[in-house]
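**Student:** Okay, here's the structure, questions in a sec.
Numbering (my numbering), first residue to last: 3 to 396.
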């Protein structure tokens, strides 16, 4: 029997889970976690969120409204201070049965602290494949990566990857030989894709002409998302399609740099910065004509699943895991080494191609895929219950 105080054989309380995440903003990880929070059986499972920021985030109010907590744990760059804060949080807000960490390599340190505090179930979740960046890391960064991966291997009772590439990145190339590691695909809520939307008023709100050819991108302004290359493709398309508009949804540290680049390239009247919005599915389904996703690396690319649910042709970099290709007829994969002109040609070809699939059929196929939130939540509930039951039995 575990000595952890909240565990007993006749469980009357919900299983208590503490998710560790940078902050609850509208990113891929956080959006999936919100889907989970909205759909999970809250009589059986209670979720709180430990975040690495004191700043308000987009999802905070909804988290509180549902009855969960947002708990800041600051100073992740100062491990000794972070450890004191982390253990204090476990004492004050716990007890927790599960710590589920989403902060990639730093999860090693988080799970080590959770082990010291007696948390019985410790889950490391890999949401990215950063191997290309790691290969270029300086020596002290490599030391950090080696150490944190070692801690994950030692202190995680389970590890989840959003794709095979993401799992290999955090758990090693032979991850399939360890029964602790497995893939859990993201799920998305498909209800918003069924809404009838007034595209005219939405275009007017965003400053997009009614007859514009709209290239869409959703992603935070970070190097990974390759916004400069996006702009180069848009500039090439604009030479041949004067009605082109590039709609950028997201926020991030590089936004001001990209805004400056747009000015320098003379694209100010062609590029729309829409920030983060709660109606991305509706925008995808009613305004965007082509979805462009030339990331330098990805764990999976949750927005690609959403784009396919909206029936959009998706032009993506070949490094994005092909597990994201739910509807292959909508996917166009190009190498980042191919010239901008080839990417632009592929974008420009889309309006002249016959529709690969109707929007209704696209939505139906995503609904029956592993990427439906109902399927994803059921799998996660099973994981939590099985891990909890196993630890109770020890």
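Where a beta carbon is used, it is the ideal one built from N, C-alpha and C, also for glycine.
Do the segment 20-40 and the segment 184-195 touch if we need at least three Cβ pairs shorter than 8 angstroms?
**Tutor:** At 8 angstroms Cβ cutoff, the stretches touch.
**Student:** Note down, in chain order, each residue of its chain lying with its Cβ closer than 8 angstroms to the Cβ of residue 10, except the 5 sequence neighbours on either side.
**Tutor:** The predicted position of residue 10 is uncertain, since its pLDDT is 48 and thus under 50; a value taken from the coordinates is nonetheless stated next. Excluding residues within five positions, the ones whose Cβ falls inside 8 angstroms are 394.
**Student:** In or out: residue 254 buried (at least 16 other Cβ within 10 Å) or exposed?
**Tutor:** Per the 10 Å Cβ criterion, buried.
**Student:** Please state whether DSSP places residue 139 in a helix, a strand or coil.
**Tutor:** Correct three-state label for residue 139: coil.
**Student:** Would you tell me roughly how many angstroms separate the C-alpha atoms of residue 48 and residue 101, rounded to the nearest one?
**Tutor:** Rounded to the nearest angstrom, the two C-alpha atoms are 12 angstroms apart.
**Student:** Using alpha carbons as the reference points, say which of 131, 271, 110 and 228 lies closest to residue 256.
**Tutor:** Answer by Cα proximity: 228.
**Student:** So, for residue 355: in the same chain, excluding its five sequence neighbours on each side, which residues have a beta-carbon less than 8 angstroms away from its beta-carbon?
**Tutor:** Counting only Cβ-Cβ distances below 8 angstroms, and skipping sequence neighbours, we find 315.
**Student:** Run through DSSP, which three-state label would residue 36 get?
**Tutor:** DSSP places residue 36 in helix when its eight states are reduced to three.
**Student:** Which value, in whole angstroms, describes the spacing of the CA atoms of residue 346 and residue 225?
**Tutor:** Residue 346 and residue 225: Cα-Cα distance of roughly 21 angstroms.
**Student:** On the DSSP letters alone, give me the boundaries of the beta strand (DSSP E) that residue 373 sits inside.
**Tutor:** It is not in any beta strand (DSSP E) - residue 373 carries neither H nor E in the DSSP assignment.
**Student:** At which residue ranges does the segment 313-379 contain complete alpha helix (DSSP H) runs of 4 or more residues, listed in the order of the chain?
**Tutor:** Listed in chain order, they are 342-351 and 361-369.
**Student:** What number of angstroms, rounded off, separates the C-alpha of residue 42 from the C-alpha of residue 376?
**Tutor:** So the two alpha carbons sit approximately 9 angstroms from each other.
**Student:** So the beta strand (DSSP E) residue 23 belongs to, where does it begin and stop?
**Tutor:** Where residue 23 is concerned, the enclosing beta strand (DSSP E) stretches over 17-23.
**Student:** Rounding to the nearest angstrom, what Cα-Cα distance links residue 84 and residue 275 in this structure?
**Tutor:** Cα to Cα, residue 84 sits roughly 35 angstroms from residue 275.
**Student:** Residue ranges of each beta strand (DSSP E) run of no fewer than 3 residues wholly in the segment 107-155, ordered along the chain?
**Tutor:** Qualifying beta strand (DSSP E) stretches, in chain order: 123-128.
**Student:** Quick one: what's residue 103 bridged to in DSSP?
**Tutor:** In DSSP, residue 103 forms a bridge with 22 and 126.
**Student:** In the DSSP assignment, find the alpha helix (DSSP H) that holds residue 173 and state where it starts and stops.
**Tutor:** Here the alpha helix (DSSP H) through residue 173 covers 166-173.
**Student:** Name the one or two DSSP bridge partners that residue 49 has.
**Tutor:** The partner list for residue 49 (beta bridge, DSSP) reads 19.
**Student:** Verify whether the separation of the beta carbon atoms of residue 320 and residue 295 is less than 8 angstroms.
**Tutor:** No, these two residues do not count as a Cβ contact at 8 angstroms.
**Student:** Apply the 10 Å Cβ neighbour rule to residue 277 and answer buried if 16 or more other Cβ atoms are within range, or exposed otherwise.
**Tutor:** That one is exposed.
**Student:** Since residue 104 and residue 21 are thought to touch, with beta carbons under 8 angstroms apart, how far apart are those beta carbons, to the nearest angstrom?
**Tutor:** Between residue 21 and residue 104 the Cβ distance is about 6 angstroms, and since that is below 8 angstroms, they are a contact.
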